[in-house]
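Q:
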Amino acid sequence: MSEQQNQQHEKPDGNWQGAIIDVAAQAAQHFAHQEQREKHEATWRKVRRAIFMGLAVGGFLTYWMFVRSLAGSSVEGDPTTDAVALIPVQGEIANSTRASADKVLAMLDRACDNKKVKYIVLDIDSPGGSPTEAERMVSGLNQCRAKSGKPIYSIIGQIGASASYMVAVHTDRIYAGRYSVVGSIGAIMRYIDASEAASKLGLTEHVFRSGALKGGVSPWSKTSPEDAALNTELVRQMGQGFVDDVIATRGKRLHASRDVISSGRIWTSAEALDMGLIDGVAVLEDLKGTEFKGLKITKYDSRAPVSRYLGLDETFHSILSDALQPRFQ
2 MSEQQNQQHE KPDGNWQGAI IDVAAQAAQH FAHQEQREKH EATWRKVRRA IFMGLAVGGF
62 LTYWMFVRSL AGSSVEGDPT TDAVALIPVQ GEIANSTRAS ADKVLAMLDR ACDNKKVKYI
122 VLDIDSPGGS PTEAERMVSG LNQCRAKSGK PIYSIIGQIG ASASYMVAVH TDRIYAGRYS
182 VVGSIGAIMR YIDASEAASK LGLTEHVFRS GALKGGVSPW SKTSPEDAAL NTELVRQMGQ
242 GFVDDVIATR GKRLHASRDV ISSGRIWTSA EALDMGLIDG VAVLEDLKGT EFKGLKITKY
302 DSRAPVSRYL GLDETFHSIL SDALQPRFQ
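Each residue of the sequence shown is one higher than the one before, counting from 2 in my numbering.
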């Protein structure tokens with residue numbers, strides 16, 4: 002057989018072996034890709050499972066806190082040992098705020114009825130607010146004192162002014178920190194006069210009254226002399242009533258004239274002490290080592306548990322305070 006014929010016979014054997022190698026390589030590549038896909042799918046299964054578990058746990062915790070907020074108490078549990086009840090009066094005093102009369106009085110009643118509570122302390126940090134809400138708090142303080150005989154103190158934080166000082170003045174003792182400000186005794190009414198802006202826009206307010214003073218002032222119309230005189234008299238009477246209250250409750254402890262007290266300004270704690278508006282310069286930690294020594298401090302809280310756990314109230318209050326309230330730094 003010739004050499005050419007031998008080569009022709011050998012050639013199919015070479016093609017067969019190459020084909021086997023190609024098939025094996027393709028099979029290996031297929032299995033490698035399949036293994037990679039399976040690993041990728043396994044990883045995503047774990048990720049999806051983790052996300053699902055996280056959502057499930059988060060949903061359960063949210064539901065649990067929501068149920069607790071509905072069923073839970075509005076204040077901390079009653080102390081089982083001799084304690085000082087610390088009741089916050091913080092932020093603006095107004096209906097539906099954290100410092101509303103409803104919320105403060107609910108905490109006050111709880112502390113007043115608890116025999117383990119030996120002192121009640123109002124933790125005040127407020128620029129003031131509604132005098133009617135403050136009046137309700139004062140009535141609650143007087144009822145608690147008459148019923149239980151417990152000493153009721155006020156400790157002023159950053160500020161204790163206007164309606165918050167109106168409440169504090171009806172406690173047995175008032176303390177303020179070295180950097181606290183106190184005062185703003187009086188009354189104020191303010192509104193925006195947008196009548197000129199309205200006029201430029203071609204807007205005119207037409208008012209029909211049954212009497213000359215019916216309805217009061219409006220931001221869209223110039224204030225009449227009659228309305229101005231009435232509002233001035235109302236503010237004067239309310240302010241003088243506040244001053245009368247301070248003089249009656251502080252009594253011989255006051256060392257300032259009526260004109261000074263009714264000026265409406267705020268004072269540092271040192272100035273307030275000299276004037277007799279407060280009884281001492283101290284913070285809670287100072288009193289822990291003296292009058293409250295050996296007593297547990299029980300902090301009452303009017304917020305729903307879900308709000309306390311998530312810190313929603315602090316976040317909102319911080320944003321609002323930064324935007325609206327003056328700060329001393």
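The beta carbon of each residue, even a glycine, is placed where N, CA and C say it ideally should be.
Could you give the uninterrupted runs of the beta strand (DSSP E) lying entirely in the region 272-304, keeping only those of 3 residues or more?
A: Qualifying beta strand (DSSP E) stretches, in chain order: 297-300.
Q: On the three-pair Cβ rule with 8 Å, is the region 220-227 touching the region 269-281?
A: With a cut-off of 8 Å, the region 269-281 and the region 220-227 do not count as touching, because too few Cβ pairs lie within range.
Q: According to DSSP, what are the bridge partners of S127?
A: Position 126 of the sequence shown holds residue 127. Answer by DSSP bridge pairing, in chain order: G161.
Q: Measure the CB-CB distance between D110 and G158 and report whether it falls below 8 Å.
A: As a first step, residue 110 must be located in the sequence shown, where it is residue number 109. As a first step, residue 158 must be located in the sequence shown, where it is residue number 157. Cβ atoms of D110 and G158: not closer than 8 Å.
Q: Can you look up N221 in the DSSP assignment and give me helix, strand or coil?
A: As a first step, residue 221 is located in the sequence shown; it is residue number 220 there, counting from the start. The displayed chain sequence assigns Trp, not Asn, to residue 221. Here W221 sits in coil by DSSP.
Q: What's the gap between the Cα of A84 and the Cα of K253?
A: Walking along the sequence shown from the start, residue 84 turns up at place 83. Walking along the sequence shown from the start, residue 253 turns up at place 252. Approximately 31 Å, taken between the alpha carbons.
Q: Which residues in the same chain have their Cβ closer than 8 Å to the Cβ of R210, if we skip the five residues on either side of it in sequence?
A: The count along the sequence shown starts at 1 and reaches residue 210 at position 209. Answer for R210: G216, listed in chain order.
Q: Quick one: residues in its chain with C-beta nearer than 6 Å to the C-beta of L255, no 5 flanking neighbours on either side, listed in chain order?
A: In the sequence shown, residue 255 corresponds to position 254, counting from 1. Correct list, in chain order: G277.
Q: Give a yes or no on whether the C-beta atoms belonging to G336 and A162 are separated by under 8 Å.
A: As shown, the chain starts at 2 and ends at 330. That puts residue 336 outside it, with no answer to give.
Q: If I measure Cβ to Cβ from G281 and keep anything under 6 Å in the same chain, skipping five residues before and after, which residues do I get?
A: Position 280 of the sequence shown holds residue 281. Y176, listed in sequence order.
Q: Determine the direct distance from the alpha carbon of R259 to that of K151, and round the result to whole angstroms.
A: What you label residue 151 is simply residue 150 of the sequence shown in a count that begins at 1. What you label residue 259 is simply residue 258 of the sequence shown in a count that begins at 1. Cα to Cα, the separation comes out at about 31 Å.
Q: For G216, report the span of its alpha helix (DSSP H) as first-last.
A: By one-based count along the sequence shown, residue 216 stands at place 215. Element bounds for G216: n/a, residue is neither H nor E.
Q: Since V208 contacts S196 with CB under 8 Å, what's their CB separation in whole angstroms?
A: Position 207 of the sequence shown, counted from the start, is the residue given in the question as residue 208. Position 195 of the sequence shown, counted from the start, is the residue given in the question as residue 196. Actually they are not in contact, since the Cβ atoms of V208 and S196 sit about 12 Å apart, beyond 8 Å.
Q: Exposed or buried, F53, counting other C-beta atoms within 10 Å across all chains shown (16 or more means buried)?
A: For this step, residue 53 is matched to residue 52 along the sequence shown. Exposed, since its Cβ has fewer than 16 Cβ neighbours within 10 Å.
Q: State the DSSP-derived secondary structure class of V236, mapped to helix, strand or coil.
A: Indexing the sequence shown from 1 puts residue 236 at position 235. Looking at V236 - three-state DSSP - the assignment turns out to be helix.
Q: For the beta strand (DSSP E) that T269 lies in, which residues bound it at each end?
A: Counting from one through the sequence shown, the residue named residue 269 turns up at place 268. From DSSP, the beta strand (DSSP E) with T269 extends over 267-269.
Q: Look at the Cβ atom of V139, then the Cβ atom of V168, and state whether they are nearer than 8 Å.
A: The count along the sequence shown starts at 1 and reaches residue 139 at position 138. The count along the sequence shown starts at 1 and reaches residue 168 at position 167. Result yes, Cβ atoms of V139 and V168 sit closer than 8 Å.
Q: Residues in its own chain within less than 6 Å of E93 by CB, not counting five upstream and five downstream?
A: The residue labelled residue 93 in the question sits at position 92 within the sequence shown. The residues are G130.
Q: Tell me the rounded alpha-carbon separation between T250 and L56.
A: The residue labelled residue 250 in the question sits at position 249 within the sequence shown. The residue labelled residue 56 in the question sits at position 55 within the sequence shown. Spanning the two alpha carbons is a distance of roughly 57 Å.
Q: Going by C-alpha to C-alpha distance, which of A95, R137, L87 sits closest to C113?
A: As a working mapping, residue 113 is identified with position 112 in the sequence shown. Considering only alpha carbons, the answer is L87.
Q: Relative to the C-alpha of V170, which candidate in V244, A198, A213 has its C-alpha closest?
A: Here residue 170 refers to the residue found at position 169 of the sequence shown. The residue with the shortest Cα to Cα distance from V170 is V244.
Q: Keeping to the same chain, check which residues put their C-beta closer than 8 Å to that of I267; ignore five residues upstream and five downstream.
A: As a first step, residue 267 must be located in the sequence shown, where it is residue number 266. Result list for I267: I160, A162, V182, V183, G184, S185, in chain order.
Q: Just reading off the alpha helix (DSSP H) that R111 is part of, what are its end residues?
A: On the sequence shown, position 110 is the one that residue 111 refers to. Segment 102-114, the alpha helix (DSSP H) holding R111.
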